[in-house]
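Just so we're aligned: the sequence shown equals residues 104 to 308 in my numbering.
Structure first, then comments.
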Amino acid sequence: MELQALFFEIDGVLVDVSRSYRRAVEETVAHFTGRPIEPGTLQRYKILGGFADDWRLTQAIVADAGIQVSAGRVAEEFQRRYRGENWDGIILDEASLVQVRTLDRLHRSDRVMVVVSSRPEAEVQWILDRFGWRRYFPLVVTRELRDAQSGVDPYPLLRALAILDAAGRPIDPACAAFVSTSPADMTAAGQAGVWAFGVSAARGA
104 MELQALFFEI
114 DGVLVDVSRS
124 YRRAVEETVA
134 HFTGRPIEPG
144 TLQRYKILGG
154 FADDWRLTQA
164 IVADAGIQVS
174 AGRVAEEFQR
184 RYRGENWDGI
194 ILDEASLVQV
204 RTLDRLHRSD
214 RVMVVVSSRP
224 EAEVQWILDR
234 FGWRRYFPLV
244 VTRELRDAQS
254 GVDPYPLLRA
264 LAILDAAGRP
274 IDPACAAFVS
284 TSPADMTAAG
294 QAGVWAFGVS
304 AARGA
């Protein structure tokens, strides 16, 4: 089988977020609760499932500490730390997980590569510019097209396929694959009819 399309989540696949998102969660929780979270807390919530969205994860931890804060306020404080005032926040601690030569090998005229990410579009575009990846990913489908309350959502993949079809690049879902670290994304890929490639966030891919 020749893969005609590769869909990539960013976090843990293209970019190492181990020193950024985790820290942003911890600092935002501390801001609202007035105390640091206990070691292992984040992992326990991740194991429970349903917290692929770090804003939701942060709000849940704060709520379980007995403090009710709106989702908007949580996102605001999270992004103030993560993005900073002018893209100078914790986001700068992120490093590339994939080498340009790897993207060069994957990038072919008969194959399209697409970012399908739970991140906001502004962050995706900033990352593509920062690492010089824009030429590899002509299409991005971002958080704005996801159901923020759903752990499993095949719609972004189906939307990507529809956009490609409208642009004259029809892709058979059976000839496409989604690469992600999220179990929910693996399920979503199956629901969309595309292959699911689950990876761990190994460095230097």
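Cβ coordinates follow ideal geometry from the N, Cα and C atoms, glycine included.
Small disclaimer: the values here were computed from a predicted structure and weren't measured.
Query                                                                                                       : Result
When Arg-159, Asp-114, Phe-234, Arg-184 are compared against Val-219, the one with the closest alpha-carbon : Asp-114
Glu-197 beta carbon less than 9 Å from that of Val-118                                                      : yes
Alpha-carbon to alpha-carbon, Thr-284 and Glu-112                                                           : 8 Å
Any C-beta of chain E under 9 Å from that of Ala-225                                                        : The structure shown has no chain E; it contains just one protein chain.
Three-state secondary structure assigned by DSSP to Asp-157                                                 : helix
Touch test, the segment 236-250 against the segment 293-305, Cβ-Cβ under 8 Å, three pairs minimum           : no
Secondary structure of Asp-275, DSSP reduced to three states                                                : coil
Separation of Ser-199 from Arg-306, as counted between CA atoms                                             : Here the model assigns Arg-306 a pLDDT of 45, short of 50, so the residue's position is not dependable and the matter cannot be decided.
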